[in-house]
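For reference, the structure is listed below as structure tokens.
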Amino acid sequence: MARIPLQPPKGMDDYLPEETALLNRLVGMVRELFRLYGYSEVETPAVEYYELFAAKSGVEILEHMYVFKDSHGRLLALRPEMTAPIARLVAGKMSKRPLPLRLGYVADCYRLDEPQWGRRRRFYHGGFEIFGSRSPLTDVETLMICEDFMRRVGVSDCTYKLGHVGVHRGVMSAAGIGDSEQDVILSLMDRGRVEEAVRRARSEAKDLGAVETFQLLVETPAGPAAETCEKVESAVQQYGPAREAASNMREIVELASSVIEPGRLIYDPGFARGLSYYTGFIFEAYGPKAEVALAGGGRYDGLLPLIGGLDIPGVGFAIGITRVLHYLVDKMGHRPSAAPPLFYAVALANSARSHLVRAVVELRRAGVSVE
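Put into structure tokens, the structure is as follows:
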């Protein structure tokens, strides 16, 4: 008989008691924010139909999914992220609920990434999704919740990288680049391959002026959000949808600056995220010394109709709970510990054991921790 491995599969993690205690504390903070901000927690299965993610999750996600077939040959997948499953739930069983809907979740997700710091093949997300509002106040609400969580875990000086997919798509549409090709270009940008993204845009463009504006945008250095908004608005004035998106971005930045120090809001015009369903404002949160984002999200107004639901706008974000846990331990020197029992009960003689058992039972029924 082959020897059974004592380690979990590559990229998967065991959690020891002290690590589980910290994980549960982080989850508890997420759930407290559900309560404070009026989000109802929901749950979806870890296994979904493959088509749900194939619809608009993007190349980066599709290439790293755990995919398999059921007994009838139907393609299934372990969920690589949670926005699409929550959107499916809203499009189906919750389609008649009054809007706006505020839904939260805590869930484990799975991606076949190459394991490294901050990237595991199984990881926990805590998410907040709002359906039914196009108001920039809801975009800013996602930033407010993220900021609240980061302060609670002791990361009070995190930086927010901001972007707006609507500006990119508006200029690319003006250049005559189709939606599917736009998805590919945005995916290249998300992976830091900006020069390749520009070459691809140039090869697909029918309007040279618009594609030059696109190149100018994505090569504009990241900077203070308010100042960068002015540069972007000036660059896209002649392109209606892009101009509207830039105006929306400026409004979001102005609102966000009233609750987060402006110096921590950085607008990167070349910033894109790997999920193709984003349509507007996007962001990622970084702590000091963090190589990868601790949280991120954005607006996805076209997702519900894409999967067969009503034309309901959506915006949301997820906290990378697993990443935050490793960040607190590895980068901030946090030492997790499991809570010991409050009392230890010992029978000094065999004749006292029955009395000991009764006493321990009564203490536990009263909510006292006893070992």
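FYI, the numbering used here numbers position 236 of the sequence shown as 219, with every residue one higher than the one before it.
Backbone N, C-alpha and C define an ideal beta-carbon position, used for all residues, glycine too.
Cα-Cα separation, residue i to residue j
i	j	result
threonine 3	glycine 279	23 Å
leucine 5	valine 181	44 Å
glycine 246	arginine 103	31 Å
serine 54	arginine 62	19 Å
glutamate 130	serine 139	8 Å
cysteine 212	glutamate 234	10 Å
isoleucine 160	tyrosine 222	14 Å
alanine 225	leucine 126	23 Å
alanine 328	alanine 342	9 Å
phenylalanine 111	arginine 348	36 Å
leucine 86	arginine 94	23 Å
tyrosine 107	leucine 9	10 Å
aspartate 96	arginine 134	29 Å
aspartate 294	glycine 285	7 Å
alanine 90	glutamate 26	8 Å
serine 352	leucine -1	20 Å
glutamate 345	phenylalanine 326	13 Å
aspartate 173	glutamate 24	30 Å
alanine 67	alanine 255	18 Å
leucine 358	histidine 151	In the structure as shown, the chain starts at -16 and stops at 354, and residue 358 therefore has no counterpart that could be examined.
alanine 218	proline 252	11 Å
aspartate -4	proline 98	11 Å
lysine 79	proline 28	21 Å
aspartate 190	glutamate 179	18 Å
isoleucine 69	isoleucine 290	11 Å
glutamate 124	phenylalanine 36	26 Å
glycine 153	valine 73	28 Å
tyrosine 33	arginine 71	13 Å
valine 30	glycine 109	18 Å
tyrosine 88	isoleucine 304	12 Å
glycine 192	serine 116	34 Å
arginine 220	methionine 155	For the record, residue 220 in the displayed sequence is glutamine; it is not arginine. So the alpha carbons of these two residues sit roughly 14 Å apart.
methionine 232	arginine 318	40 Å
glutamate 202	glycine 281	22 Å
Residue i - containing alpha helix (DSSP H), residue span
i	result
tyrosine 33	33 to 37
leucine 238	223 to 239
isoleucine 290	Taken as a continuous stretch (DSSP letters only), isoleucine 290 belongs to no alpha helix (DSSP H), as it is neither H nor E.
alanine 218	208 to 218
leucine 5	0 to 20
alanine 67	66 to 74
Terminal residues of the beta strand (DSSP E) in which residue i lies
i	result
glycine 281	278 to 282
histidine 309	Where histidine 309 is concerned, there is no enclosing beta strand (DSSP E), although the alpha helix (DSSP H) it sits in stretches over 304 to 313.
leucine 95	Leucine 95 -> no beta strand (DSSP E), and no H or E assigned at all.
glutamate 112	105 to 114
phenylalanine 326	Unbroken run through phenylalanine 326: none, as it is neither H nor E.
leucine 59	58 to 61
Residue i in three-state terms, based on DSSP
i	result
alanine 268	strand
isoleucine 249	strand
lysine -7	coil
phenylalanine 51	strand
valine 298	strand
arginine 85	strand
glutamate 195	helix
alanine 180	helix
arginine 341	helix
glutamate 46	coil
serine 118	coil
valine 201	helix
serine 170	helix
glutamate 24	strand
valine 123	helix
arginine 102	strand
Cβ separation of residue i and residue j, assumed to be a contact under 8 Å, to the nearest whole Å
i	j	result
isoleucine 249	proline 288	Contact doesn't hold; Cβ gap of about 32 Å is too wide.
glutamate 274	tryptophan 100	7 Å
lysine 314	lysine 272	5 Å
isoleucine 265	tyrosine 143	Incorrect: roughly 11 Å between the Cβ atoms, too far for contact.
glutamate 64	isoleucine 44	7 Å
glutamate 20	isoleucine 128	Sequence check: residue 20 is tyrosine here, not glutamate. 6 Å between Cβ atoms; contact.
leucine 258	tyrosine 269	Rounded, the Cβ-Cβ distance is 18 Å, inconsistent with contact.
methionine 12	valine 148	The pair is not a contact, with the Cβ atoms about 29 Å apart (cut-off 8 Å).
tyrosine 49	alanine 60	6 Å
Short CB-CB distance (under 7 Å) between residue i and chain B
i	result
leucine 346	Of the chains in the structure shown, none is chain B; there is only one protein chain.
Distance cut-off 6 Å: residue i Cβ against heavy atoms of the ligand ATP
i	result
tyrosine 20	Among the components of this structure there are no ligands whatsoever, and the ligand ATP is therefore not found.
Ignoring anything shorter than 3 residues or poking outside the segment 129 to 166, list the beta strand (DSSP E) runs there in chain order.
142 to 147
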